[in-house]
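Working notes, structure below.
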Amino acid sequence: YRNGASIHEFCINLRQLYGDSRKFLLLGLRPFIPEKDSQHFENFLETIGVKDGRGIITDSFGRHRRALSTTSSSTTNGNRATGSSDDRSAPSEGDEWDRMISDISSDIEALGCSMDQDSA
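Taken in order, the sequence shown gives residues 34 to 153; the numbers are from the working numbering.
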């Protein structure tokens with residue numbers, strides 16, 4: 034994809050690489066898909082049956098995507114002048130990454146617990 038492949042080719046290759054059993058992990062790629070290709074990627078996820086809110090992994094990735102959308106819309110909605118100070122400062126990019134990593138770590142721990150129960 035970075036080397037010039039189309040988003041369509043990229044999605045086809047991802048589907049082959051991840052397979053049906055791991056396709057839910059594709060939600061984790063959302064933050065890395067350029068905005069210009071994000072709608073195609075979202076459509077691809079829908080066509081392979083990956084939707085938000087279906088399991089613990091999708092929750093953290095969905096939260097991250099919604100949090101970024103909320104942050105960007107709240108700063109561009111015209112209610113605040115550019116450069117004005119606010120009682121609440123927007124979280125920094127580093128804070129967003131820390132929160133996302135924390136959410137993913139929690140989800141992985143939860144998956145580990147559920148797998149332990151399945152094998153018992």
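For glycine and all other residues, C-beta sits at the position ideal for the given N, C-alpha and C. If you're wondering where the values come from, they're calculated on a predicted model, not measured in any experiment.
Please classify residue i: does DSSP put it in a helix, a strand, or coil?
i: ARG35; result: coil
i: GLY82; result: coil
i: SER154; result: Outside the displayed range of the chain (34 to 153) lies residue 154, so it cannot be described from this structure.
i: SER125; result: coil
If you drop the 5 nearest sequence neighbours on each side, which residues of the same chain put their C-beta closer than 8 Å to that of residue i?
i: SER93; result: Confidence at SER93 is low in this model, with a pLDDT of 48, below 50, so its placement is unreliable and the value that follows should be read with caution. Counting only Cβ-Cβ distances below 8 Å, and skipping sequence neighbours, we find MET133, ASP136, ILE137, SER139, ASP140.
i: SER71; result: ARG63
Would you mind reading off the limits of the alpha helix (DSSP H) that contains residue i?
i: ILE66; result: First-last for ILE66: undefined, no H or E at that position.
i: LEU58; result: Where LEU58 is concerned, there is no enclosing alpha helix (DSSP H), given that its DSSP letter is neither H nor E.
Can you tell me which of the options puts its alpha carbon nearest to the alpha carbon of residue i?
i: GLY61; options: ILE45, THR80, HIS41, LYS84; result: LYS84
i: SER54; options: SER71, ARG35, GLU129, GLY82; result: GLY82
i: ARG56; options: THR80, TRP130, GLU142, GLU129; result: What sits at residue 56 in the sequence shown is Lys, not Arg. When only C-alpha atoms are compared, the closest one is THR80.
Quick one: what's got a C-beta closer than 7 Å to residue i's C-beta in the same chain, skipping five residues either side?
i: LEU59; result: LEU47, TYR51, LEU78, VAL83
i: ILE66; result: PHE74
Looking only at its chain, what residues have a beta carbon closer than 6 Å to the beta carbon of residue i, apart from the 5 residues adjacent to it on each side?
i: ILE40; result: ASP70, HIS73
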